[in-house]
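Okay, so here's the structure we're looking at.
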């Protein structure tokens with residue numbers, strides 16, 4: 057027998073290894089699918105948690121800004137001082153007949169407490185006598201008060217004494233030695249913060265100005281009101 061035949065017979069008689077197919081049971085398939093669902097649910101929960109945290113942080117930041125930077129504050133208006141011009145050297149007869157020129161000079165300040173400018177419209181400030189009769193008016197043009205700045209106004213009221221003398225209360229006030237007038241100022245404007253918040257703002261000031269005819273002294277009592 058030749059060597060080639062022996063080699064062929066040897067290779068023919070070798071046993072080939074058997075390949076067994078891998079089988080997956082139903083329990084293993086269910087377990088794998090369940091793990092995938094759990095992983096997906098975990099990822100979804102993490103994403104939802106992060107999203108909720110971001111929303112909460114934004115809400116807290118907006119709330120803080122709403123009470124601080126973005127909060128529209130009321131302008132502060134006050135009368136710093138008031139004086140009367142023209143009363144010196146006037147006798148009682150001239151005063152009683154209204155043959156005098158009296159001027160009330162008021163130093164008024166308006167403070168903008170906001171982080172943005174306060175743009176106000178033109179307004180007037182009036183003096184009113186007994187029964188609400190207007191006896192003097194000062195016109196003030198519109199303008200802008202810069203952020204956290206104060207605007208000073210020098211208001212000069214030219215009192216219409218003839219109009220006051222025609223009121224029966226006028227003589228009684230002169231006899232008592234006190235002449236009281238009311239000052240009314242109303243300012244309307246707008247505050248715009250970061251081009252996000254726009255508020256219409258109105259601030260008013262009412263002052264009672266008492267003029268002592270005898271001592272030529274003057275006193276005032278003012279109250280301010282704020283509206284949005």
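In our numbering, the protein residues as written are 57 to 284.
We treat Cβ as the ideally placed atom computed from N, Cα and C, and that holds for glycine.
Looking at residue 220: is its Cβ nearer than 8 Å to the Cβ of residue 241?
no
DSSP three-state assignment for residue 203, whether helix, strand or coil:
coil
Of the listed residues 156, 206, 233, nearest to residue 266 (C-alpha basis)
233
For residue 190, collect the residues of the same chain with a Cβ closer than 8 Å to its Cβ; drop the 5 residues on either side in sequence, then sort them by chain order.
182, 183, 184
Helix or strand or just coil, what does DSSP make of residue 102?
helix
Per-residue DSSP class, three states only, for residue 272:
coil
Nonlocal neighbours in the same chain, by C-beta distance under 8 Å from residue 196, ignoring five residues either side
When the five nearest sequence neighbours on each side are left out, the beta carbons in the same chain lying within less than 8 Å of the beta carbon of residue 196 are those of 178, 179, 180, 181, 209, 211, in order along the chain.
Locate the alpha helix (DSSP H) running through residue 135, then write down its first and last residues.
Per DSSP, residue 135 is not a residue of any alpha helix (DSSP H); the beta strand (DSSP E) it occupies stretches across 132–141.
Output the distance between the C-alpha atoms of residue 123 and residue 213, rounded to the nearest integer angstrom.
With a pLDDT of 48 at residue 123, under the threshold of 50, the predicted position of this residue should be treated as unreliable, though the coordinate-derived value follows. About 40 Å.
Helix, strand or coil at residue 123 [DSSP, three-state]
Confidence at residue 123 is low in this model, with a pLDDT of 48, below 50, so its placement is unreliable and the value that follows should be read with caution. Three-state DSSP puts residue 123 in a helix.
Uninterrupted alpha helix (DSSP H) stretches inside the region 184–270 (no shorter than 4 residues):
DSSP runs (the alpha helix (DSSP H)) wholly in the region 184–270: 217–221, 224–232.
Helix, strand or coil: which one does DSSP assign to residue 297?
With the chain running from 57 to 284 in the structure shown, residue 297 is simply not present.
Cβ atoms of residue 215 and residue 158: under 8 Å apart, would you say?
yes
Buried/exposed call for residue 224, threshold 16 Cβ in 10 Å:
exposed
Could you spell out where the alpha helix (DSSP H) holding residue 149 opens and where it closes?
148–153
Could you give the distance in angstroms between the alpha-carbon of residue 110 and the alpha-carbon of residue 98?
18 Å
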